[in-house]
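Enquirer: If you read the sequence shown in our numbering, its first letter stands for residue 32, the second for the next number, and so on.
Beta carbons: idealized from backbone N, C-alpha and C, even for Gly.
Structure incoming, see below.
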Amino acid sequence: MSFLCSLPLAALLFSACAPAAPLAVGYVEGDYVLLAPIEVAQVETISVKRGDRVAPGTPVVTLESADARIAVAQAEAALAQAQAQLADLQVGKRPEEIEVLKAQVDMARAQAA
């Protein structure tokens, strides 16, 4: 029984022999970083909390993207229209358009004569 009581006492005595943790007195300075978005939009989600460490390039907030999606759709529609015009110009005039233009040239010659 005395062995069981002496075991915790020995563990307590040996733990007291461990070196003390280093003690430092002073203060820590941090850097404040100001963030600004490229586009103006409402914030949907915030991914970090005050005091969190953030690596460069890590997203901090998510902005509402409805306006951006509308702008992309408009740009895609304008691109499709421009591609259709380019294809039309590369094909050339239709036979009906050529006949109308020939008739206009003939009328202009007749009026000039």
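1) Where DSSP assigns a beta bridge to V74, which residues make up the other side?
2) Report the rounded CA-to-CA distance for S96 versus Q73, giving the unit in angstroms.
3) My assumption, with CB atoms under 8 Å, is that T93 sits in contact with E70. Please give the rounded CB distance.
4) Per DSSP, what kind of secondary structure is K80 in: helix, strand or coil?
Expert: In short:
1) Here residue 74 refers to the residue found at position 43 when the sequence shown is read from its first residue. Beta-bridge pairing links V74 to L94.
2) In the sequence shown, residue 96 corresponds to position 65, counting from 1. In the sequence shown, residue 73 corresponds to position 42, counting from 1. When rounded, the distance between both Cα atoms is 9 Å.
3) In the sequence shown, the residue the question calls residue 93 occupies position 62. In the sequence shown, the residue the question calls residue 70 occupies position 39. No, T93 and E70 are not in contact; Cβ-Cβ is about 12 Å, not under 8 Å.
4) What you label residue 80 is simply residue 49 of the sequence shown in a count that begins at 1. Coil, per DSSP.
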